[in-house]
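Report on the following structure.
Number of protein chains: 2
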Amino acid sequence: MQFNPPYLIYLGDAKDSLAAKTGQGIVDWRPEWALGQLRLPGCHADLGIPDLDVVQAAGQGAKTLVIGTVSPGGVLPDSWSEVIVSAIEQGMDVASGLHTRLSSLPAISEAASRKGVRLFDVRHSDRTFAIGTGELRSGKRLLTVGTDCSVGKKYAALCIERELRARDVDADFRATGQTGIFISGRGVSIDAVVADFISGAAEWLAPAAEPEHWDVVEGQGSLFHPSFAGVSLGLLHGAQPDAFVVCHEPTRRTMRNIATAIPSVEAVIEATINGGRLTSPMIRCVGVAINTQLLDEAQAQKEIEAAALRLNVPVTDPVRFGVHNIVDYLLSVC
Amino acid sequence: MQFNPPYLIYLGDAKDSLAAKTGQGIVDWRPEWALGQLRLPGCHADLGIPDLDVVQAAGQGAKTLVIGTVSPGGVLPDSWSEVIVSAIEQGMDVASGLHTRLSSLPAISEAASRKGVRLFDVRHSDRTFAIGTGELRSGKRLLTVGTDCSVGKKYAALCIERELRARDVDADFRATGQTGIFISGRGVSIDAVVADFISGAAEWLAPAAEPEHWDVVEGQGSLFHPSFAGVSLGLLHGAQPDAFVVCHEPTRRTMRNIATAIPSVEAVIEATINGGRLTSPMIRCVGVAINTQLLDEAQAQKEIEAAALRLNVPVTDPVRFGVHNIVDYLLSVC
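Protein sequences, first through last, are from chains A and B.
Quick note: the first sequence uses the numbering used here, first residue 6, plus one each step.
Quick note: the second sequence uses the numbering used here, first residue 6, plus one each step.
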């Protein structure tokens, strides 16, 4: 799955900016790929990029229409079909992270086949993965892990990729979820893989590489999340990381959508080392990323300083303060 | 997925008895459901039950033709199609654990639809599972776990179900793999579920029950197997076991199909408690099942005694010596 930028980002009738977070992720991280947004009447999200219709976007070179908004239940509303077909008529590929497969709608499927464009359903992998082997492979890998879902693992990984590249270190972000796939143009939605192949898919995603090359792998879920820990462990084994960064949201008390208490960062470090050393004997924690978006700057600083004192590894909010300290440490020890 | 016994067990042209281990599992555990076997010329397996053709089997009341042999790569050979269609013509359902879906062969699909019989592909789940919640639920559950794949987790669980029932304890074996599904007539092939739903599928499989009811859940893989640990952890979280039994094959030095060393039983106990208490705070080890099939009886006894001394829990070979001691202990502590 590798699709072509630049993108026309379809927001449909998104009811608020949170519904458009996939589109926002693209604009935040790959503004050069975000040619324009296409909004239907009643759309309450705005990515701050030009409003274009499909003809204008095609004229400006848009290669892919990306569905940048979520819909209730991941269903593709019939009302979106017409615009998608118009984009296809203009020769664009279409990429969606919804549960509904684009090809399951006859109008879309028929148009795509007639125009010879590609339909990408990034939540679904039609690729056949091999079973994971756990064999040691060359290259270096970092995995972001979390105390919970949705704590900033993707943004932390992207910040680390950017910082490594800024220092002329060869590094690639490896996406494991739909927004990450749109941002990087490739990857695998690891939670949609058949269970037998979780670690195999992660091995495929971050394959053997040059000795000094870093793959920065986006983590998923949490080893302490009762819904998704299996995915997190399979990803940990397959990613075979030399280093990991723990991501944490300090104001949260219970896991997203369930009543389980958030584990401590210390517990996540211990569990990640215990689980991870099966395939990466020298695995180590190289930093902690605190998501301070709900704190003011003074509170954020205080939270980070307290954690750094307690944990004895570099701590930062990647988005707010950058990841210089984590990358300094990473490059000094790995 | 719930299908009807008795079964006509199809062995095809199985090249040896190991290839027919699914059929053997049925004969070992549900002989009353194993009406007969159907072998093609050149078959080198023999389950020791009557050879019947489809007409004879149907006449004796066979309800389901079960594919009891594995084929290279899980592919359904064309040469099997004719017999399968004949069974359908006699009104039998067909159940298969192969990767190839029965319905993907037009002759089979067409016959099934014409005769109104059901086709079961137990490796594939078309059921939509919910995300696991981790919420504490009523009833008691035991999970068999392992130091590796294929060490006797299914047989240990079946022995424990049988022993509990012999003591008038309400107990159900819960199958998580294809052979277990054929033996119990229901279950879910947990490694074929989409990764996001591993623990949710396990919650569905062993749902809330009467306070004194035991679900005995067949384990899969190992927390220490780099290919499948994600499945094992998701199953552990979803099964929410009060008790677990560690299964071990003492002559094996490396994991099945890979070079990873077999972990110690102690390491598996520790990892299972550490992982399992997320959803089952009081989880405990109630026994160890040593698979001694490659040892003579004196060696087997010695191995078991040494382990019991070291581990301080009941140890046995369930198949060779029964599980009285484990069930005694289980019922005294849980």
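Beta carbons: idealized from backbone N, C-alpha and C, even for Gly.
(request) With a 10 Å radius around its C-beta and 16 neighbouring C-beta atoms as the bar for buried, classify GLN29(B) as buried or exposed. (result) buried
(message) On a Cα-Cα basis, can you pick out the residue from LEU240(B), ARG142(B), VAL198(B), THR297(B) that is closest to ALA207(B)?
(response) For the residues LEU240(B), ARG142(B), VAL198(B), THR297(B), the minimum Cα distance to ALA207(B) belongs to LEU240(B).
(request) Pick out whichever of VAL75(A), SER189(A), VAL122(A), ASP51(A) has its Cα sitting closest to the Cα of GLU37(A). (result) SER189(A)
(request) In angstroms with no decimal places, state the Cα-to-Cα distance between SER194(B) and MET260(B). (result) 21 Å
(message) On the criterion of 16 or more Cβ atoms from any shown chain inside 10 Å, does VAL338(A) qualify as buried, or is it exposed?
(response) exposed
(request) Rank GLY137(B), LEU299(B), THR133(B), GLN65(B) by C-alpha distance to the C-alpha of PRO212(B) and give the top, closest one. (result) Nearest C-alpha to PRO212(B): GLY137(B).
(message) So, at 8 Å on beta carbons, what are the nonlocal neighbours of LEU300(B) in its own chain, with the 5 sequence-adjacent residues on each side left out?
(response) PRO255, THR256, GLU308
(request) Output, in chain order, the set of chain B residues within a Cβ distance shorter than 8 Å of THR138(A). (result) What THR138(A) touches in chain B: PRO231, SER232, ILE263.
(request) Going by DSSP, name the residue or residues bridged to ASP126(A). (result) Beta-bridge partners of ASP126(A) (DSSP): SER101(A).
(message) Contact defined as beta carbons within less than 8 Å: I believe CYS164(A) pairs with VAL328(A). What is the distance between those atoms, to the nearest angstrom?
(response) That pair is a contact at about 5 Å.
(message) Could you compute how far the alpha carbon of ALA19(B) sits from the alpha carbon of VAL88(B)?
(response) 15 Å
(request) Using a Cβ cut-off of 7 Å, pull out every chain A residue sitting near ASP175(B), in sequence order please. (result) Chain A residues near ASP175(B): none, gap ~26 Å exceeds 7 Å.
(message) So, under 8 Å CB-CB, ALA234(B) and HIS242(A) are touching, yes? Tell me the CB distance rounded to an integer number of Å.
(response) 6 Å
(request) Compute the Euclidean distance between the alpha carbons of GLU115(B) and ASP220(B), then round it to the nearest angstrom. (result) 38 Å
(message) For a cutoff of 9 Å on Cβ pairs, would you count THR69(A) as touching chain B?
(response) no
(request) Please report how far the alpha carbon of SER237(A) lies from the alpha carbon of ALA92(B), in whole angstroms. (result) 44 Å
(message) Looking only at its chain, what residues have a beta carbon closer than 8 Å to the beta carbon of LEU103(B), apart from the 5 residues adjacent to it on each side?
(response) ILE72, VAL75, SER76, GLY79, VAL80, LEU81, ASP126, ARG128
(message) Please report the straight-line C-alpha distance between GLN95(B) and VAL90(A), rounded to a whole angstrom.
(response) Going from the Cα of GLN95(B) to the Cα of VAL90(A) covers about 48 Å.
(request) Verify whether the separation of the beta carbon atoms of TYR334(A) and VAL273(A) is less than 9 Å. (result) no
(request) Would you kindly work out how many angstroms separate the C-alpha atoms of ARG315(A) and PRO268(A), rounded to a whole number? (result) 15 Å
(request) Over the uninterrupted alpha helix (DSSP H) stretch that includes PHE326(A), give me the two end residues. (result) 323-326
(message) Assuming the contact rule is C-beta atoms closer than 8 Å, GLY53(B) and ALA135(B) should be a hit. Round their C-beta distance to whole Å, please.
(response) Wrong, their Cβ atoms sit about 42 Å apart, outside the cutoff.
(request) Leaving out five residues on either side along the sequence, give the residues of the same chain with a beta carbon under 7 Å from the beta carbon of SER130(A). (result) VAL193, SER194, ALA197, VAL198
(message) Using C-beta distances below 8 Å, list every residue in its chain close to VAL150(B), excluding the 5 sequence neighbours before and after it, in chain order.
(response) LYS158, GLY224, SER227, LEU228, SER237, LEU241, PHE249, VAL250, VAL251, CYS252, VAL273, THR277
(request) Determine, using beta carbons only, whether VAL332(B) and LEU148(B) come nearer to each other than 9 Å. (result) no
(request) Note down, one range per segment and in chain order, each beta strand (DSSP E) of at least 3 residues found wholly within the segment 111-156 of chain B. (result) 124-126, 145-151
(request) Quick one: residues in its chain with C-beta nearer than 8 Å to the C-beta of ASP98(A), no 5 flanking neighbours on either side, listed in chain order? (result) The answer, listed in chain order, is PHE8, ASN9, LYS68, THR69, LEU70, VAL122, ARG123, LEU124, PHE125.
(request) Residues of the segment 179-200 of chain A with a CB closer than 8 Å to any CB of chain B: list them in chain order, please. (result) ILE195, ASP196, ALA197, VAL198, VAL199, ALA200
(request) Name, going along the chain, the residues of the segment 144-177 of chain A whose beta-carbon falls closer than 9 Å to a beta-carbon of chain B. (result) none
(request) Identify every run of the alpha helix (DSSP H) within the segment 209-275 of chain B, keeping only runs that are complete inside it and at least 4 residues long; order them along the chain. (result) The alpha helix (DSSP H) runs of length 4 or more contained entirely in the segment 209-275 of chain B are, from start to end of the chain, 234-244.
(message) Let me see if you follow: with CB-CB separation under 9 Å, is GLY96(B) close to chain A or not?
(response) no
(request) Taking only beta-carbon positions, decide if HIS329(A) is within less than 9 Å of chain B. (result) no
(request) Check each candidate in HIS218(B), VAL293(B), SER118(B), SER84(B) and name the one with the smallest Cα separation from ASP173(B). (result) HIS218(B)
(request) In the DSSP assignment, find the unbroken beta strand (DSSP E) run with ASP177(B) in it and report its ends. (result) Per DSSP, the unbroken beta strand (DSSP E) holding ASP177(B) starts and ends at 176-179.
(message) Check for me: the alpha helix (DSSP H) holding PHE65(A) runs from which residue to which?
(response) Inspection of the sequence shows that residue 65(A) is occupied by Gln rather than by Phe. Careful: GLN65(A) lies outside any alpha helix (DSSP H) and carries neither H nor E.
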